[in-house]
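Here the structure is laid out as structure tokens; the discussion comes afterwards.
Protein chains: 2
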Amino acid sequence: MTDQGHPFGSDHPIGVAVLGMGNVGTEVVRIIQEQSQDLRQRVGAPLVLRGVAVRRLDVDRGIDPELLTTDARALVNREDVDLVVEVMGGIDPARELIGTALTAGKSVVTANKALLADYTGELAAAAEHSRADLYFEAAVAGAIPVVRPLIQSLSGDRVNRVVGIVNGTTNFILSAMDETGADYSATLAEATRLGYAEADPTADVEGFDAAAKAAILASLAFHTRVTAADVYREGISRITSEDLETAAAVGCTVKLLAICERVPASPGEPGSAQGGKDRISVRVYPALIPRKHPLSSVSGAFNAVVVEAENAGRLMFYGQGAGGAPTASAVMGDLVMAARNKFFGGRAPGESVYAELPIAPIGDTPTRYHVNLKVADRTGVLQAVAGEFAQHGVSISTVRQEGQDEGARLVVVTHHATESALADTVAALAELESVTSVTSVVRLEGTEE
Amino acid sequence: MTDQGHPFGSDHPIGVAVLGMGNVGTEVVRIIQEQSQDLRQRVGAPLVLRGVAVRRLDVDRGIDPELLTTDARALVNREDVDLVVEVMGGIDPARELIGTALTAGKSVVTANKALLADYTGELAAAAEHSRADLYFEAAVAGAIPVVRPLIQSLSGDRVNRVVGIVNGTTNFILSAMDETGADYSATLAEATRLGYAEADPTADVEGFDAAAKAAILASLAFHTRVTAADVYREGISRITSEDLETAAAVGCTVKLLAICERVPASPGEPGSAQGGKDRISVRVYPALIPRKHPLSSVSGAFNAVVVEAENAGRLMFYGQGAGGAPTASAVMGDLVMAARNKFFGGRAPGESVYAELPIAPIGDTPTRYHVNLKVADRTGVLQAVAGEFAQHGVSISTVRQEGQDEGARLVVVTHHATESALADTVAALAELESVTSVTSVVRLEGTEE
């Protein structure tokens, strides 16, 4: 039943500590208690909840109060705790508690994307040193298995791109704006009312949450440590109903995308310090995508991640990206696997960062722009505008001009160019006399060319 | 670097034998040779190809002929072979070779769905006994990670349903028929010409391939051993262009679906031998699905699997279900994980069949029917037809009647009823004087009700 005389067995349970009892923690505790028979069969030994660390004891949480404690550190350090589930969120004290657990050889399952985006290196080293496991499927895309597929299923392949909708709040808002034509503020208010946005929605709407997830995905995809600071980030707070309208006019919708992309080394760059290594571009921003792109039909609070790999080709993973039960599903999968490792003596793969690919600055990233200009309605405007694009080496794909009450609206869609060339073009356009204002600049992704 | 004084290390390679060098085997060999540096980093030790077993030595396969052998058994038994990749297909001699490898403690990675659908129990027992791993991601849905997510990622959840498009040949044919209006024979001929169908397409078009995959998926989803014999199977060879046309008229397309479903125990069945256990329904048949169902947009040779679990909710996995490189991607992911286990002393989860849920006979399965009747064009026909449905307790959802050159066409879509009630109704309809013929009966799946 057990290997190497391991102490665990059908009569010796595996002790679990849960840190945090918010939406996810509540579900994790419920599942551990309600599914104990199934879990015992799947682990090979009983999983026993030793305690749950919470902030306040005076709240009735529907479980035996004896299980609750405000002393998370003491709970983690208990001798009868073998596995720790961290679903409290935040950097401190989660970072220290996870470090303590791992250093003591206790495996950790976490959903903490913000912590992992910046501290995976340190935590993975602690895990490696003590031969404990660090699992974090729940940190990215809720219920959807994407971390394990990237680490394990694609371990024999070469990933070239990962593009995802990984934040439910912003996807709910943008989907609703697309469907209803409502403006951003009204839709954010509705999202808050319905519980899809928090009282302070900054982390979601400004793309911080998506950027943390992008850092994690990029690290896994490219075997390189990528932190939140490496991710170029723009949120959705400047997206307007007009953006959704002009997007629809070119057969697109607007989504907040996390994009992790291998930028191949240019051949024959003499004296290149990188020695011909591929680079990694990691960015989060709202972008137009064609309606026929699989990500365009991902609506509401659903998430999806598209992975493109050398041999596998294109893969897509879709499901609920947030919520107590969906996230708990991912936590429980990791918990069972971590428990099995304790029982059978196995080890999860540790951090793999051997490739050490350099991060490509956003300026070098090839992308397309959708530029909405308010212009004077007279001859020569198009020539002036087109001239600026040409001068910066940016090729134009389509132009649409519509008269308006005052002046005209000019919508330009470019071909691929570097961010820096496009940014310079936009700056120059703003200076043109015939351009009243640059109403909006939104990137365009997911097109074939 | 290694645990427990394990012999593998950066100077002691892990030996791999590949059995078979068809489309998939060729790609596996290529990847092992071309990606050796990356693989070494990811495994922790070099992966060295010891040999490749083929049927004929007189074919130039583009690799060192010294690697080729027709003696698969001798190759498997080599002392310097630690891992075996079986991509030869077929039951014999694959079954014996895999058994030999596992019994000798050598881990096996296989893509052999037909073998696994019937012999997983025997092979898993050999693996368990010798503490070797048996991995088979490549057996279902090509490049798409679905086996590992079901076994590992969802190990803490409760799966209720798995529905998939898992055969590229039939999906290509049905997608083409839907797009072009062409008939089955012409489309099959085109599929053969393009390489999507084999010279003898029986295994694909009659649903045997999909049924083997359904057995594997059901076993994993419900922790119960399900074999191919447990799977109700119908192929697509009787689907006509008229079926696609009438499907479109009700907002549907037609797909060959593999459906694995938990049928909840009816409460309070006194004297029930099952003691209130859930049952499993596993079936493969062509079915109408609504165009808004995520599976309806899976076209050509792509595959997709939708998993519904208690906590995760609905998940979808999508990608290339067949082809040399995509399938090799899945093989390589398993190979790296198996090699890591050899290196680090871990173990893959073995077969989990503790639930032992009974198989529900097809007659008990609740489904909906789309019935296309050729009828006499006179009064009283609808009453007679409706009467048969009512008599068998089958509720009608919609009826459409169209006059034709001779007689009329009557298309009935039912609500949910058991297969046996529906089958009895159809038999009775065929006997009606006013029914000239039952042109077609196709099930309808994926609707909300």
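Chains A and B, in that order, are what the protein sequence lines are.
If you're matching positions, the first sequence starts at 1 in full-length UniProt numbering and goes up one per residue.
If you're matching positions, the second sequence starts at 1 in full-length UniProt numbering and goes up one per residue.
In this text, a Cβ means the ideal position worked out from N, Cα and C, and glycines have one as well.
Please state whether the Cβ-Cβ distance between B:ASP209 and B:ASN167 is less than 7 Å. What you label residue 209 of chain B is simply residue 209 of the second sequence in a count that begins at 1. What you label residue 167 of chain B is simply residue 167 of the second sequence in a count that begins at 1. Yes; because the gap between Cβ atoms is below 7 Å, this pair is in contact.
How long is the line joining the alpha carbons of A:ALA427 and A:ASP157, rounded to whole angstroms? As a working mapping, residue 427 of chain A is identified with position 427 in the first sequence. As a working mapping, residue 157 of chain A is identified with position 157 in the first sequence. Roughly 41 Å between the two C-alpha positions.
Going by DSSP, name the residue or residues bridged to B:GLN320. For the purposes of this step, residue 320 of chain B is taken as the residue at position 320 of the second sequence. In DSSP, B:GLN320 forms a bridge with B:PHE302.
Which residues does DSSP pair with B:ALA285 in a beta bridge? Residue 285 of chain B sits at position 285 when you count from the first residue of the second sequence. According to the sequence as given, residue 285 of chain B is Tyr; it is not Ala. BP columns for B:TYR285 point to B:LEU257.
Contact list for the region 122–151 of chain A against chain B, Cβ threshold 7 Å: GLU137, ALA143, ILE144, PRO145, ARG148, PRO149
Assigned secondary structure, B:PRO372 (DSSP; H/G/I helix, E/B strand, else coil): Here residue 372 of chain B refers to the residue found at position 372 when the second sequence is read from its first residue. According to the sequence as given, residue 372 of chain B is Asn; it is not Pro. In the structure shown, B:ASN372 sits in a strand (DSSP, three-state: E or B).
Contact check, A:LEU116 vs A:ALA139, beta carbons under 7 Å: Working through the first sequence from its first residue, we reach residue 116 of chain A at position 116. Working through the first sequence from its first residue, we reach residue 139 of chain A at position 139. Result yes, Cβ atoms of A:LEU116 and A:ALA139 sit closer than 7 Å.
Using 8 Å as the threshold, is the region 253–262 of chain B in touch with the region 401–416 of chain B, meaning 3 or more CB pairs across them? no
Drop a sphere of 10 angstroms on the beta-carbon of A:GLU137, count the other beta-carbons inside from all chains shown, and report buried for 16 or more, exposed for fewer. Position 137 of the first sequence holds residue 137 of chain A. By the neighbour-count rule (16 or more Cβ atoms within 10 Å), A:GLU137 is buried.
Report the residue from A:ARG50, A:THR70, A:LEU49, A:GLN401 whose alpha carbon sits nearest the alpha carbon of A:ASP58. Mapped onto the first sequence, residue 58 of chain A falls at position 58. Nearest of A:ARG50, A:THR70, A:LEU49, A:GLN401 to A:ASP58, Cα basis: A:THR70.
Just to confirm the assignment, what range does the alpha helix (DSSP H) spanning A:LEU174 have? As a working mapping, residue 174 of chain A is identified with position 174 in the first sequence. Per DSSP, A:LEU174 belongs to the alpha helix (DSSP H) from 168–180.
Let me make sure I understand the geometry here. Which of B:ALA53, B:THR253, B:ARG443, B:SER107 has the alpha-carbon closest to that of B:VAL371? Position 371 of the second sequence, counted from the first residue, corresponds to residue 371 of chain B. It is B:ARG443.
Are the beta-carbon atoms of A:SER440 and A:ASP243 separated by less than 7 Å? Sequence index remark: in the first sequence, residue 440 of chain A carries index 440 (1-based). Sequence index remark: in the first sequence, residue 243 of chain A carries index 243 (1-based). Cβ atoms of A:SER440 and A:ASP243: closer than 7 Å.
Assuming A:ALA126 and A:GLY99 form a contact by the criterion Cβ under 8 Å, report the distance between their Cβ atoms to the nearest whole angstrom. Position 126 of the first sequence, counted from the start, is the residue given in the question as residue 126 of chain A. Position 99 of the first sequence, counted from the start, is the residue given in the question as residue 99 of chain A. The pair is a contact, with the Cβ atoms about 5 Å apart (cut-off 8 Å).
Return no unless some Cβ of chain A is closer than 7 Å to the Cβ of B:SER36. Within the second sequence, the letter at position 36 stands for residue 36 of chain B. For B:SER36, the answer is no, since every Cβ of chain A falls outside 7 Å of its Cβ.
Beta carbon of A:ALA304 nearer than 7 Å to that of A:LEU315: Numbered from 1 along the first sequence, position 304 holds the residue referred to as residue 304 of chain A. Numbered from 1 along the first sequence, position 315 holds the residue referred to as residue 315 of chain A. Going by C-beta atoms, A:ALA304 is not nearer than 7 Å to A:LEU315.
Are B:ALA17 and B:LEU75 close, meaning C-beta to C-beta below 7 Å? Taking the second sequence and counting its residues from 1, the one referred to as residue 17 of chain B is at position 17. Taking the second sequence and counting its residues from 1, the one referred to as residue 75 of chain B is at position 75. Yes, the pair counts as a contact, with Cβ atoms nearer than the cut-off.
Compare the C-beta of B:GLY156 against all C-beta atoms of chain A and say whether one is closer than 7 Å. Locating residue 156 of chain B in the second sequence gives position 156, counting from the first residue. Output row for B:GLY156: interface = yes.
Spatial neighbours of B:ALA386 within its chain, please: C-beta separation below 8 Å, excluding the five flanking residues on both sides. By 1-based counting over the second sequence, the position of residue 386 of chain B is 386. ILE396, VAL399, listed in sequence order.
Less than 7 Å between CB atoms is the rule here; does B:ASN311 satisfy it with respect to chain A? Sequence index remark: in the second sequence, residue 311 of chain B carries index 311 (1-based). It does; some Cβ of chain A falls within 7 Å.
State buried or exposed for A:HIS12, treating a residue as buried only when at least 16 other CB atoms are found within 10 Å of its CB. Position 12 of the first sequence, counted from the first residue, corresponds to residue 12 of chain A. With fewer than 16 Cβ atoms within 10 Å of its Cβ, A:HIS12 is classed as exposed.
Counting contacts by CB-CB distance shorter than 7 Å, is B:PHE344 in contact with chain A? Working through the second sequence from its first residue, we reach residue 344 of chain B at position 344. So, interface residue.
Mind pulling the chain B residues with CB within less than 8 Å of A:GLY319? What you label residue 319 of chain A is simply residue 319 of the first sequence in a count that begins at 1. Per Cβ cutoff of 8 Å: ALA312, GLY313, ARG314, LEU315, MET316.
CB contact check: A:GLY271 to chain B, cutoff 7 Å: Taking the first sequence and counting its residues from 1, one reaches residue 271 of chain A at position 271. The predicted model places A:GLY271 with a pLDDT of 48, which falls under 50 and marks its position as unreliable; any figure quoted below should be read in that light. By this cut-off, A:GLY271 is not an interface position.
Classification of A:GLY271 by the beta-carbon crowding that lies within 10 angstroms, buried from 16 upward: Counting from one through the first sequence, the residue named residue 271 of chain A turns up at place 271. Reliability of the predicted coordinates at A:GLY271 is poor, the pLDDT of 48 falling under 50, and the value obtained from them is presented with this limitation in mind. The residue in question, A:GLY271, is exposed, as its Cβ has fewer than 16 Cβ neighbours within 10 Å.
Give the DSSP-derived three-state secondary structure of A:GLY271 in the structure shown. Sequence index remark: in the first sequence, residue 271 of chain A carries index 271 (1-based). Residue confidence is low: A:GLY271 scores 48 on pLDDT, short of 50, so the model does not pin down where it sits. Its coordinate-derived value is still stated next. Reduced to three states, the DSSP call for A:GLY271 is coil.
Short of 8 Å in beta carbon distance, which residues of its chain neighbour A:SER155, apart from the five on each side in sequence? Order them along the chain. For this step, residue 155 of chain A is matched to residue 155 along the first sequence. If we look at A:SER155 and ignore the five residues flanking it on each side, its Cβ neighbours are PRO349.
Can you name the residues of chain B whose CB is closer than 9 Å to the CB of A:TYR354? Indexing the first sequence from 1 puts residue 354 of chain A at position 354. Residues of chain B passing the Cβ test: ASP38, GLN41, ARG42.
Given a cut-off of 7 Å on the beta-carbon distance, is the pair B:VAL263 and B:SER241 in contact? Taking the first residue of the second sequence as 1, we reach residue 263 of chain B at position 263. Taking the first residue of the second sequence as 1, we reach residue 241 of chain B at position 241. Contact: no.
If we call anything under 7 Å between Cβ atoms a contact, is A:VAL108 one with A:VAL84? Position 108 of the first sequence holds residue 108 of chain A. Position 84 of the first sequence holds residue 84 of chain A. Closer than 7 Å, so yes.
Of all Cβ atoms in chain A, is any one closer than 7 Å to the Cβ of B:VAL298? The count along the second sequence starts at 1 and reaches residue 298 of chain B at position 298. Not closer than 7 Å to any Cβ of chain A, the Cβ of B:VAL298 fails to qualify, so no.
DSSP three-state label for A:THR436, please. In the first sequence, residue 436 of chain A corresponds to position 436, counting from 1. If DSSP states are grouped into helix, strand and coil, A:THR436 belongs with the strands.
C-beta contact flag for B:ALA301 and B:TYR196 at 7 Å: Your numbering for residue 301 of chain B matches position 301 in the second sequence. Your numbering for residue 196 of chain B matches position 196 in the second sequence. Yes, the Cβ-Cβ distance between B:ALA301 and B:TYR196 is below 7 Å.
Quick one: list the residues of chain B neighbouring A:GLY333, beta-carbon separation under 8 Å, in chain order. Counting from 1 along the first sequence, the entry for residue 333 of chain A is found at position 333. The contacting residues are GLN152, SER153, LEU154, SER155, GLY156, ASP157.
Proximal residues of chain A, C-beta to C-beta of B:ARG238 below 7 Å: On the second sequence, position 238 is the one that residue 238 of chain B refers to. Near B:ARG238 there are no residues of chain A at all, since even the closest Cβ is about 32 Å away, more than 7 Å.
For the candidate residues A:VAL159, A:GLU190, A:LEU150, whose alpha-carbon lies nearest to that of A:THR169? As a first step, residue 169 of chain A is located in the first sequence; it is residue number 169 there, counting from the start. Of the listed residues, the one whose Cα sits closest to A:THR169 is A:GLU190.
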